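The sequence shown begins at 7 in this note's numbering and counts up one residue at a time. This report concerns only the one structure given below.
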Amino acid sequence: MKIGLIGAGGWGTALAKLLTENGHEVKLWAYEQETVDEVNEKHTNARFLPGVVLPDALTASSDPALVTAGAELVTFVVPSQWLRSTAQRFKEYLSPDVVVVNAGKGIEIDTLTTMTQVLKEELPNLRHEIVALSGPNHSEEVSRGLPSATVVAAPDLKVAEFVQEAFISPYLRVYTNQDRLGVEIGGALKNVFSMAAGMSDGLNFGDNTKAALVTRALAEMRRLGQLMGAEPVTFSGLSGLGDLFVTAASRHSRNAWAGREIGKGRRLNEILASTPMVVEGVPTTKAAYALSQKYQVELPIIEKMYQILFEDYSPRQAVEDLMVRERRSEIETIF
């Protein structure tokens, strides 16, 4: 089929490569003209996906009309806080019959909405449910054909299965899920917790510390998600536990890297200025903290991450605060 892929960062480029290798006709939209030229002329994207050779059949453009012309499926892979403006740019070029997928992760700060909710607001004429794609998928590994798995989620299972068929490959196993909200919450919040895991490493804490942190992070993810209307079991799946594990432990994780640098004493603005990549955990921390206030739910790790990032709180003191909290049972009921 004809597929338009919007966003030529590392993950967008990796997905464009995979879809092209699956036999689809893929047009990749890039904001930077130099990226367009490099993809078309050199078949690489050295800035965002170094060391990977792209298929000759994959072409790029900065023209929204060209990228979406005749497309049966369009996938957005852009930073969370730029998704709304990007959707507005593409709105007039999308057929009502096109299936739209969002493969980015985050929560919009101003509205506290998920990415598919943003797209639904900006693309109200679509006839099909918008699909969320999320999971433990580092672009560095998927682009090299290493075995991976992901999940595509939509309330309409037939639409999710259509997307599953497009993306599934010998090296990317794709599962379906009808709990789109839970899949999106897991994919967004894991970026906050992977920053926390990175800080633990930067502070020279051990494996015990990280295991405790990740386990309690999963509890916070489930607690907030359930209050928002998600299914608790979703957070034990690929977009919850799976994505949380990989971003907390992997050398590829931008969020864990940023957390390590903060743990070592670097300032947040200096860290963000030193990379062309978006560290999604930073805006998501702000949004997650606002959601905790909205739903009046206790999220201790998220609260401390907010204080560290935006109130200049000491990471080491934050850990000490978490360790001396009031005693409680591990197993909790929300309702």
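Glycine is no exception: its CB is placed at the ideal position from the N, C-alpha and C atoms. All of these numbers come straight from a predicted model, not from anything done at the bench.
Exercise. Work out the CA separation of K310 and P321 for me, nearest whole Å.
Key: Taking the sequence shown and counting its residues from 1, one reaches residue 321 at position 315. Taking the sequence shown and counting its residues from 1, one reaches residue 310 at position 304. About 8 Å.
Practice problem: List the DSSP bridge partners of G188. | Solution: On the sequence shown, residue 188 is found 182 positions in, with the first residue counted as 1. In DSSP, G188 forms no bridge with anything.
Quiz item: Which residues in the same chain as L278 place their Cβ atom closer than 8 Å to its Cβ, once the five residues preceding and following it in sequence are excluded?
Solution: On the sequence shown, position 272 is the one that residue 278 refers to. Same-chain partners within the cutoff: A264, V285 and V288.
Quiz item: In this structure, does DSSP put L315 in helix, strand or coil?
Solution: Here the question's residue 315 lines up with position 309 in the sequence shown. Helix.
Practice problem: Closer than 7 Å by C-beta to V84: which residues in its own chain qualify, once you throw out the five before and the five after it? Chain order, please. | Solution: What you label residue 84 is simply residue 78 of the sequence shown in a count that begins at 1. Closer than 7 Å at the Cβ level, and outside the excluded window around V84, lie I12, G13, T92 and G110.
Quiz item: For A138 versus V104, is the C-beta spacing smaller than 8 Å?
Solution: Residue mapping note: residue 138 aligns to position 132 of the sequence shown, counting from 1. Residue mapping note: residue 104 aligns to position 98 of the sequence shown, counting from 1. Cβ atoms of A138 and V104: not closer than 8 Å.
Self-check item: Sub-8 Å separation of G76 and A194 beta-carbons
Solution: As a working mapping, residue 76 is identified with position 70 in the sequence shown. As a working mapping, residue 194 is identified with position 188 in the sequence shown. Contact: no.
Practice problem: Spatial neighbours of D207 within its chain, please: CB distance less than 6 Å, with the 5 preceding and 5 following residues excluded, ordered by chain position. | Solution: Here residue 207 refers to the residue found at position 201 of the sequence shown. For D207, where only same-chain residues beyond five positions count, the Cβ hits under 6 Å are R266.
Quiz item: With which residues is E31 paired in a DSSP beta bridge?
Solution: Residue numbering aside, residue 31 sits at position 25 when the sequence shown is read from its first letter. BP columns for E31 point to K8.
Practice problem: Specify, as a first and last residue, the run of the beta strand (DSSP E) that F82 falls within. | Solution: Locating residue 82 in the sequence shown gives position 76, counting from the first residue. From DSSP, the beta strand (DSSP E) with F82 extends over L79 to F82.
Quiz item: Which two residues bound the contiguous beta strand (DSSP E) that contains S154?
Solution: On the sequence shown, residue 154 is found 148 positions in, with the first residue counted as 1. It spans S154 to A159 - the beta strand (DSSP E) in which S154 sits, taken as one unbroken run.
Exercise. With V303 as the anchor, note down where its beta strand (DSSP E) starts and where it stops.
Key: If you number the sequence shown from 1, residue 303 lands on position 297. Unbroken run through V303: none, as it is neither H nor E.
Quiz item: Would the beta-carbon of V42 fall within 8 Å of that of A66?
Solution: Here residue 42 refers to the residue found at position 36 when the sequence shown is read from its first residue. Here residue 66 refers to the residue found at position 60 when the sequence shown is read from its first residue. Taking 8 Å as the Cβ cut-off, V42 and A66 qualify as a contacting pair.
Exercise. Determine the extent of the alpha helix (DSSP H) in which N131 is found, giving its start and end residues.
Key: In the sequence shown, counting from the first residue as 1, residue 131 sits at position 125. Where N131 is concerned, there is no enclosing alpha helix (DSSP H), given that its DSSP letter is neither H nor E.
Quiz item: Is the stretch 147-155 touching the stretch 205-222 in the sense that three or more CB pairs, one from each, lie closer than 8 Å?
Solution: no
Exercise. Note down, in chain order, each residue of its chain lying with its Cβ closer than 8 Å to the Cβ of E338, except the 5 sequence neighbours on either side.
Key: Start at 1 with the first residue of the sequence shown, and residue 338 comes out as number 332. Hits under 8 Å: A225 and R229.
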